[in-house]
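For the sequence shown, my numbering begins at 4 and goes up steadily by one.
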Amino acid sequence: MANTGGSYTYHLNRLAGTLLNDVPTLDGQGAANVWAGTKGYAIVGALNYLYATRNSGKNPALDLQGILNALAGTTGLGPNAAAARITS
């Protein structure tokens, strides 16, 4: 069962496959880029890019909280709670 606590950085590392002994090995930006398959993007840019690739190129240009909720299929959650609900 996934850890539903922790920071969005923890969960971005979980999604990117970059946890080592359940400890993040990358900062949020690095993990977001690994997960999105991008390089050098800011966290929000990488996550918006990932969303667009999964949704026929529709880029919502959301802030961190908004894009994490969009990827999680939720609304109104804080970044940590939304990131915890993203499964892939």
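Glycine included, C-beta positions come from ideal geometry on N, C-alpha and C.
Out of 62, 48, 38, which one is the CA nearest neighbour of residue 90? In the sequence shown, counting from the first residue as 1, residue 90 sits at position 87. With distances taken between Cα atoms, residue 90 lies closest to 38.
State buried or exposed for residue 36, treating a residue as buried only when at least 16 other CB atoms are found within 10 Å of its CB. Here residue 36 is taken as the residue at index 33 of the sequence shown, counted from 1. Residue environment analysis places residue 36 among the buried positions, since at least 16 neighbouring C-beta atoms fall within 10 angstroms of its C-beta.
Please classify residue 19 as buried or exposed, where buried requires at least 16 other C-beta atoms within 10 Å of its C-beta. The count along the sequence shown starts at 1 and reaches residue 19 at position 16. Residue 19 should be labelled buried.
For residue 11, the nearest candidate out of 42, 56, 29 (CA to CA): For the purposes of this step, residue 11 is taken as residue 8 along the sequence shown, with counting starting at 1. Closest by alpha carbon: 29.
My understanding is that residue 31 touches residue 15, with C-beta atoms under 8 Å, so please give their C-beta distance in whole angstroms. Counting from 1 along the sequence shown, the entry for residue 31 is found at position 28. Counting from 1 along the sequence shown, the entry for residue 15 is found at position 12. That belief holds up - the Cβ atoms of residue 31 and residue 15 are roughly 6 Å apart, short of 8 Å.
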